[in-house]
Amino acid sequence: MKFVIFCTIFFITFGLGELLIPKCPENSHQGCRPCCPNPSCRFRNPTCPKDRVCTFDCKFACICDKGYIWDDIGIVGGCIRPKDCPPIKY
């Protein structure tokens, strides 16, 4: 009986954690979603809305590593170097 309880607690702790925390693509890591938008290929210098209220609760997200930005234009997505951003098509 103790073994069953141990296995259940182990699965909840480690098994569900893997399901709830996203697997991040190459050149990114797990972190908390920022209050204001991060730079991307489409928006290199995003601004934070003045009326935005930032809270301290952490919503997990994949954050690009230093020197990389989110490819929101290309087919695959993920974090790439700014020089590798595809051209914006209007």
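In mature numbering (1 follows the signal peptide of the UniProt record, and there is no 0), the protein residues as written are -17 to -1, 1 to 73.
Where is the CB? At the ideal position from N, CA and C, for every residue including glycine.
No experiment lies behind these values; they were computed from the predicted model shown.
ask   = Is the beta carbon of cysteine 15 less than 8 Å from the beta carbon of lysine 42?
value = As a first step, residue 15 is located in the sequence shown; it is residue number 32 there, counting from the start. As a first step, residue 42 is located in the sequence shown; it is residue number 59 there, counting from the start. Annotated as proximal: cysteine 15 and lysine 42, with beta-carbon spacing under 8 Å.
Check your understanding: Buried or exposed: which applies to phenylalanine -12, given that a residue is buried once 16 or more other Cβ atoms fall within 10 Å of its Cβ?
Key -> For the purposes of this step, residue -12 is taken as the residue at position 6 of the sequence shown. Bear in mind that a pLDDT of 47 at phenylalanine -12, under 50, signals an unreliable position, so the number given afterwards is only what the model happens to contain. Exposed: under 16 other Cβ atoms inside 10 Å.
Original post:
Just to confirm, are arginine 64 and glycine 50 a CB contact at a threshold of 8 Å?
Top reply: Here residue 64 is taken as the residue at index 81 of the sequence shown, counted from 1. Here residue 50 is taken as the residue at index 67 of the sequence shown, counted from 1. Glycine 50 sits close to arginine 64, with the two beta carbons spaced by under 8 Å.
For phenylalanine 43, write down the residues that DSSP places opposite it in a beta bridge.
For the purposes of this step, residue 43 is identified with residue 60 of the sequence shown, where counting begins at 1. Answer by DSSP bridge pairing, in chain order: Cys15.
Check each candidate in Lys33, Ser23, Pro29 and name the one with the smallest Cα separation from proline 69.
-> Here residue 69 refers to the residue found at position 86 of the sequence shown. When each option's Cα is compared against that of proline 69, the closest is Ser23.
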